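Novice: Quick one: the structure is below, questions incoming.
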Amino acid sequence: MSTLDQVLQLASRIPDDSLRESLVRLTRALGPHLSDFDEMWTFAGLARISGIAQDDPVLLDAVRILSSPSPVRVLDMHFLYYSPEGEGEGEVMEDHDIADAYRLGYLVDPHTGAELHDFEDHLVPYFQVRKEAAGG
Amino acid sequence: MADPTIAQLKERAATCPVRALSLQILLWDFDPPSYDAWVEHVERALLHQVNLIAEKKNYLKSLSEDALSTVVQIALDNLVLDCNAAVVNGNVDVVIAFGGYKWLGEAKIATDNTKIFHGYQQLTTRYATGQPGQTSGGMLLYCKDERADAILNGWRAALDTAIPGAQIVDGPVPLSFRSVDNRNSASQPFKIVHLAFPLFHVPEEDAWVLPKEAAEAGRLAKKATKQVAAKRQRDRDAPSGAASNAVAGTDAANDANVGDS
Chain E
1062 MSTLDQVLQL ASRIPDDSLR ESLVRLTRAL GPHLSDFDEM WTFAGLARIS
1112 GIAQDDPVLL DAVRILSSPS PVRVLDMHFL YYSPEGEGEG EVMEDHDIAD
1162 AYRLGYLVDP HTGAELHDFE DHLVPYFQVR KEAAGG
Chain H
-3 MADPTIAQLK ERAATCPVRA LSLQILLWDF DPPSYDAWVE HVERALLHQV
47 NLIAEKKNYL KSLSEDALST VVQIALDNLV LDCNAAVVNG NVDVVIAFGG
97 YKWLGEAKIA TDNTKIFHGY QQLTTRYATG QPGQTSGGML LYCKDERADA
147 ILNGWRAALD TAIPGAQIVD GPVPLSFRSV DNRNSASQPF KIVHLAFPLF
197 HVPEEDAWVL PKEAAEAGRL AKKATKQVAA KRQRDRDAPS GAASNAVAGT
247 DAANDANVGD S
């Protein structure tokens, strides 16, 4: 069974109509991109390709399901960092730097070395298709 | 930046316990919660479902214990947390699991304390393992036949007597309390939240009409209010000297009681 089929099978068991339909729409929208491992999907990007409004709460739920280990993980979440001093360009962060920030309670700005305690205000999540998902 | 930050996503999710749990799971790889923090989110999500179910009590009160548990499971299934009736040293009614964490729920139609206690014994001595990440659960009490507060208070008193040292304290909402039990195979504290589902539904609008005395009291109060308003109107319309004379020594409420017909 392909990765998409597994997700669609999971979706069929979800009682909530709006969540089920959103998960199906997002999964089908990602279908043609399962080999685009370098593509970075922010919430806005996922909203655009799926047609789900970015501020619709079910988008978060659908993304969370596609990023969960069970039954099959399609997306990995990573982060862009927008420096308070920056010009609006997000910078790709290493996952371990983000995990360290949560563990320590602050993020070290990669350029200034400043300790940012409100780092969640400066982190934008983005998602990439897992290589394992393409092979399913 | 047009895309939401983590802080903004958390702000949006804070309005709904289910969504807050969803975001917490999304962040799991980076900010894994402690078991206690995860249980707190699970309980909030569960309480949210209790509220939703209570709102539909007129449709649900005739359901069986299994059917009611299925309703709870379906509600929690939307979390996609492997929530189901699972086999953990027997058949647990509700299991919520994620990332090695488990929350075990025992559901009972709360007809009498003996039956509830049987379920409690199953939860604490049969299902609870006491293993790390599996040390919390709950009693889901479907209160169909009596008021939920009465059932919960009765059960609380019975448990306090039956299990000395149960460490009973108030719960997160009025229709709940917490206790602890150490009688699992690992002798570890197993924390239990006891949640009452208020499904008792006896509408009385046709069975209990307003008593005659109450109707009369209402009529008198209404009449008095009208008389006061009328007197004020007359005072406003009358010359200033006449107005003060008219008000002095006059009590509209007394008038209403004495001269009522």
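Sequences listed follow chains E and H, in order.
Under the working numbering, think of the first position of the first sequence as 1062, with each following residue one higher.
Under the working numbering, think of the first position of the second sequence as -3, with each following residue one higher.
Don't be surprised by glycine CBs; every beta carbon is placed ideally from N, CA and C.
Remember, predicted model here, so these are calculated numbers, not experimental data.
#1: Taking 6 Å as the cut-off, is the C-beta of V91(H) nearer than that to any heavy atom in the ligand PLP?
#2: For V1133(E), count neighbouring Cβ atoms within 10 angstroms of its own Cβ and tell me buried if that reaches 16, exposed if not.
#3: Spatial neighbours of Q45(H) within its chain, please: CB distance less than 6 Å, with the 5 preceding and 5 following residues excluded, ordered by chain position.
#4: Shorter than 7 Å from the beta carbon of F1188(E) to some beta carbon of chain H?
#5: Since Y1142(E) and G1149(E) are thought to touch, with beta carbons under 8 Å apart, how far apart are those beta carbons, to the nearest angstrom?
#6: Considering Cα atoms alone, identify which of F193(H), A182(H), A154(H), S181(H) is closest to S175(H).
#7: When you compare the CB of T1064(E) with every CB in chain H, is at least one pair closer than 7 Å?
#8: Quick one: measure Cβ to Cβ for Q127(H) and A203(H), integer angstroms, because I've assumed they're closer than 8 Å.
#9: Mapping the DSSP letters down to three states, classify A81(H) as helix, strand or coil.
#10: Any Cβ of chain H within less than 7 Å of the Cβ of D1117(E)?
#11: Provide the residue span of the alpha helix (DSSP H) that contains E39(H), from first to last.
#12: Would you say I49(H) lies against chain E (beta-carbon separation less than 7 Å)?
#13: Looking only at its own chain, which residues have a Cβ that is under 7 Å from the Cβ of H1178(E), when we skip the five neighbours before and after it?
#14: If we cut at 7 Å on Cβ distances, does T157(H) have a partner in chain E?
#15: Is R1134(E) close to chain H, meaning its C-beta is less than 7 Å from at least one C-beta of that chain?
#16: Can you look up Y1163(E) in the DSSP assignment and give me helix, strand or coil?
#17: Kindly indicate if chain E contains any beta-carbon less than 7 Å away from that of C79(H).
#18: Helix, strand or coil for G1191(E), going by three-state DSSP, please let me know.
Specialist: Looking at the coordinates:
#1: For the ligand PLP, the structure offers nothing, since it holds no ligand at all.
#2: buried
#3: A71
#4: no
#5: 12 Å between Cβ atoms; not a contact.
#6: A154(H)
#7: no
#8: Between A203(H) and Q127(H) the Cβ distance is about 52 Å, and since that is not below 8 Å, they are no contact.
#9: Summary for A81(H): the model assigns pLDDT 42, below 50, so the residue's position carries little reliability, and this model does not support an answer.
#10: no
#11: 31 to 51
#12: no
#13: G1166, Y1167
#14: no
#15: no
#16: helix
#17: Low confidence applies to C79(H): its pLDDT is 46, below 50, so where it sits in the model is not reliable enough to give any reading.
#18: Before going further, note that residue 1191(E) is Arg rather than Gly in the sequence given. In this structure, R1191(E) counts as coil in the three-state DSSP scheme.
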